[in-house]
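**Q**
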Amino acid sequence: MDEARKEADGESRESLPTAWITGAGGLLGHALVEVGRALGVPWILRPLTREEVDLADFRSVEACWNRDRPALVIHCAALSRSPVCQAQPRLAWEQNVEVTRRLVTLAGEAVFVFFSSDLVFDGRKGGYREEDPPNPLNVYGETKAAAEQVVRAHPRHLIVRTSLNGGRSPTGDRGFNEQLCRAWAAGETTTLFVDEYRCPIAATETARRVWQLILRGASGTFHVAGGERLSRWELGCLLAARWLELRPRLQPESLRDYAGPPRPADTSLDCHKAEALLGEPMPKFREWLALQPPGSF
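Here the sequence shown is numbered in the working numbering, starting from 52 and rising by one per residue.
Rendered as structure tokens:
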């Protein structure tokens, strides 16, 4: 009887529509795959990594599309390292805007979910709502704002703006916690701004809420980020307290003394729209972190 049930379950799963998840080798893409499988979402999840298909190679992407015919696309892949985008703006535009444009062109009737960023805002006021006009200060933010406009032309779209995401990525270097941990393990001193504010969140928490939005048929633009505004310095101190064995060294700095590429001061996000639809608050990072067992984050 159990074997018959397993066989029937397998057949029913095979009849499900396919969902593409681009950037599955990164932090958010990986979390979406893992959380989606744990939730048993009604799609066959098709993780796409850079090794499997180069999204900038449109012929390869089109061939994969014709093979899979996905009913849902969750587009996480991006050139997301801001310094690289600033140094190579043409590459950033190609990977973040033109790749998105080609995927939207292919999407047809598929639902298209796009991950954007709090860095589409200039950081002059904080507490940004979905309807606030973007005004990015750096190249990465510019490409994300431009890609949002491309996605809005698709009739079945969902744009998710998020903030700093942490967790365990397949490469071990994509989460903000992983980057700090690596630096401290190497004996480096990390310089963190006391007056640059974000809304940090665990990638698994972001993924769970995004799947909930998709399952509810949400469309338009939603903010999904941590329920707590923290400075880079505050975030670093919270994480350092968990990794005392690394002897973490932190150096505070102010944006007033910073002479590098533009950095928005406060891109904290107002997430009330998503909270109202989902019926639960966004997790406050400080409280969430306190509940995690040692070594799990």
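Glycine is no exception: its CB is placed at the ideal position from the N, C-alpha and C atoms. The model shown is predicted, which means the values in this text are computed figures rather than measured ones.
Evaluate GLY74 with the Cβ neighbour count: other Cβ atoms within 10 Å of its Cβ, from every protein chain shown; 16 or more gives buried, anything less gives exposed.
**A** Numbered from 1 along the sequence shown, position 23 holds the residue referred to as residue 74. So GLY74 counts as buried.
**Q** Expressed to the nearest angstrom, what Euclidean distance is found between the alpha-carbon atoms of PRO332 and TRP339?
**A** Numbered from 1 along the sequence shown, position 281 holds the residue referred to as residue 332. Numbered from 1 along the sequence shown, position 288 holds the residue referred to as residue 339. The C-alpha of TRP339 is placed about 12 Å away from the C-alpha of PRO332.
**Q** Can you tell me whether DSSP reads PHE166 as helix, strand or coil?
**A** Stepping through the sequence shown from its first residue, residue 166 is reached at position 115. Strand, per DSSP.
**Q** Is DSSP giving LEU243 helix, strand or coil here?
**A** Residue 243 sits at position 192 when you count from the first residue of the sequence shown. Strand.
**Q** Which ranges would you report for the alpha helix (DSSP H) in the segment 69-118 if only whole runs of at least 4 residues count?
**A** 78-90
**Q** Need the endpoints of the alpha helix (DSSP H) that GLU256 sits in, please.
**A** Looking up residue 256 in the sequence shown gives position 205. Per DSSP, GLU256 belongs to the alpha helix (DSSP H) from 254-266.
**Q** Look at LEU231 and ALA276 and say whether their C-beta atoms are less than 9 Å apart.
**A** Residue 231 sits at position 180 when you count from the first residue of the sequence shown. Residue 276 sits at position 225 when you count from the first residue of the sequence shown. Not in contact: LEU231 and ALA276 (Cβ atoms no closer than 9 Å).
**Q** Considering only C-alpha positions, which residue in the set GLN146, ILE125, ARG118 and PRO121 is nearest to SER131?
**A** Taking the first residue of the sequence shown as 1, we reach residue 131 at position 80. The shortest Cα separation from SER131 among GLN146, ILE125, ARG118 and PRO121 belongs to GLN146.
**Q** Just to confirm before moving on: does the CB-CB distance between ARG212 and GLU247 stay below 9 Å?
**A** Here residue 212 refers to the residue found at position 161 when the sequence shown is read from its first residue. Here residue 247 refers to the residue found at position 196 when the sequence shown is read from its first residue. Taking 9 Å as the Cβ cut-off, ARG212 and GLU247 do not qualify as a contacting pair.
**Q** I'd like the list of long-range same chain contacts for SER66, defined as Cβ closer than 7 Å, with 5 residues on each side in sequence excluded.
**A** Locating residue 66 in the sequence shown gives position 15, where the first residue counts as 1. Around SER66: no qualifying Cβ.
**Q** Out of ALA269, ARG314, ARG280 and ALA258, point me to the one whose CA is closest to ALA89's CA.
**A** Locating residue 89 in the sequence shown gives position 38, where the first residue counts as 1. Nearest option by C-alpha distance: ALA258.
**Q** Have a look at ILE95 and LEU301 and give me their C-alpha separation to the nearest angstrom.
**A** Residue 95 sits at position 44 when you count from the first residue of the sequence shown. Residue 301 sits at position 250 when you count from the first residue of the sequence shown. Distance between the alpha carbons of ILE95 and LEU301 is about 44 Å.
**Q** Can you name, in chain order, every residue of its own chain whose Cβ lies under 6 Å from the Cβ of ALA254, other than the five neighbours on each side?
**A** Indexing the sequence shown from 1 puts residue 254 at position 203. Once the five neighbours on either side are set aside, the close Cβ partners of ALA254 are LEU78, LEU79, ALA82, ASN216 and GLY218.
**Q** Answer yes or no: do LYS324 and ARG180 have a C-beta to C-beta separation smaller than 9 Å?
**A** Translated into the one-based positions of the sequence shown, residue 324 becomes position 273. Translated into the one-based positions of the sequence shown, residue 180 becomes position 129. Yes. Within cutoff.
**Q** Suppose you measure from the CA of ARG260 to the CA of ARG280; what does that come to, to the nearest Å?
**A** As a first step, residue 260 must be located in the sequence shown, where it is residue number 209. As a first step, residue 280 must be located in the sequence shown, where it is residue number 229. Going by the C-alpha atoms only, they are around 19 Å apart.
**Q** Within 10 Å of its beta-carbon, does ASN189 have 16 or more other beta-carbons around it, so buried, or fewer, so exposed?
**A** Counting from one through the sequence shown, the residue named residue 189 turns up at place 138. Looking at its Cβ environment, which holds 16 or more other Cβ atoms inside 10 Å, ASN189 is buried.
**Q** Using DSSP with H/G/I as helix, E/B as strand and the rest coil, what is PRO251?
**A** For the purposes of this step, residue 251 is identified with residue 200 of the sequence shown, where counting begins at 1. Assigned with DSSP and collapsed to three states, PRO251 falls in coil, not helix or strand.
**Q** Should the segment 139-155 be called in touch with the segment 234-248, which here means at least 3 C-beta pairs below 8 Å?
**A** no
**Q** Pairing CB atoms from the segment 96-113 with CB atoms from the segment 182-201, are three or more of them under 8 Å?
**A** no
**Q** Quickly, what does DSSP pair ASN216 with across the bridge? List them, please.
**A** If you number the sequence shown from 1, residue 216 lands on position 165. Paired residues: ILE252.
**Q** How is the alpha helix (DSSP H) around ALA137 delimited, first residue to last?
**A** Residue 137 sits at position 86 when you count from the first residue of the sequence shown. Looking at the sequence itself, residue 137 is Gln, so the reference to Ala does not match. Looking at the DSSP string, the run of the alpha helix (DSSP H) that includes GLN137 is 133-138.
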